[in-house]
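Per mature numbering (1 follows the signal peptide of the UniProt record, and there is no 0): the sequence shown = residues -17 to -1, 1 to 181.
Worksheet for the structure shown next.
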Amino acid sequence: MTLSAPLLLLLTGKTVSIYPSSQYHLALCLFNLTESCRFIIFTICIRNLCFFRFIVCDVSLPACVVSGAQLPMALWQFGRMIECAQPGINSLKYNNYGCWCGFGGGGTPLDEVDRCCKVHDECYEASRKTPGCTSLSDLPYVIAYDFTCSDEQVTCSATNDKCEAAVCECDQVAAHCFAQAKYNPENKDIDHSVQCVS
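Given below as structure tokens:
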């Protein structure tokens, strides 16, 4: 599929529409994790002013396209890593867990699982400071990497470049951390304003 114009992504409720536009530019977008839970990351630039947005929506589109190119599903890879280290589980159980698991984070971690997420967030932040890994396309949630899974062990590929290797290592450490930590269902979907104070 070749697109002849920049795109504008509009979300209204659960409806996603993509419109050609000469004024807006959709820089990137990402689907992830399951058939029913999709994540979209994008930047809209108006003239020289750009806005970064992360949106979670419950929609289904056949492809995620940016100027005709499909982007890698980096978060999907992290989910597969988690499921490698813990066969039979659904990696989404860690989304919106505690104060740090999911997008954003703050406050004191509630338990070891939450602490794994805090360390993972900090690792992602550090990966953005790796020399040569500061462009928009090197965002940890977007970057693709290679890894293998064997006997519940995740191994990052030696063929990954330095940006891919940094993100892969963050995800690998978190996946193994989750496997060692006790999961408490009571810490899922908590009220951050009440339970995540510093």
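Where a beta carbon is used, it is the ideal one built from N, C-alpha and C, also for glycine.
Measuring CB to CB, does residue i end up less than 8 Å from residue j?
| i | j | result |
| --- | --- | --- |
| C67 | C132 | yes |
| H103 | C153 | yes |
| Y107 | P123 | yes |
| F130 | I65 | no |
| G88 | S74 | no |
| N79 | D172 | yes |
Under the rule that 16 or more other beta-carbon atoms within 10 Å means buried, what is residue i, buried or exposed?
| i | result |
| --- | --- |
| V180 | exposed |
| Q60 | buried |
| V96 | buried |
| Q163 | exposed |
| Q155 | buried |
| V137 | buried |
| S110 | buried |
| V177 | exposed |
Could you pull out every residue in the same chain whose Cβ sits closer than 6 Å to the Cβ of residue i, ignoring the five residues on either side in sequence?
| i | result |
| --- | --- |
| G90 | C82, C179, V180 and S181 |
What did DSSP end up calling residue i once you bin it into helix, strand or coil?
| i | result |
| --- | --- |
| L179 | The question names Leu, but residue 179 in the sequence shown is Cys. In the structure shown, C179 sits in coil (DSSP, three-state: anything other than H, G, I, E or B). |
| I173 | coil |
| C82 | coil |
| L93 | coil |
| Q69 | coil |
| residue 256 | For the chain, the structure presents residues -17 to 181; residue 256 sits outside this window and is missing. |
What I want to know is whether the C-beta of residue i ends up closer than 7 Å to one or more non-hydrogen atoms of the ligand FAD.
| i | result |
| --- | --- |
| L58 | The ligand FAD is not among the ligands present in this structure, which contains no ligands whatsoever. |
With a CB to CB cut of under 8 Å and the five nearest residues on each side skipped, what residues in its chain are close to residue i?
| i | result |
| --- | --- |
| A148 | Y128 and C139 |
In chain order, each alpha helix (DSSP H) run of at least 4 residues that lies wholly inside the segment 108 to 166: 145 to 163
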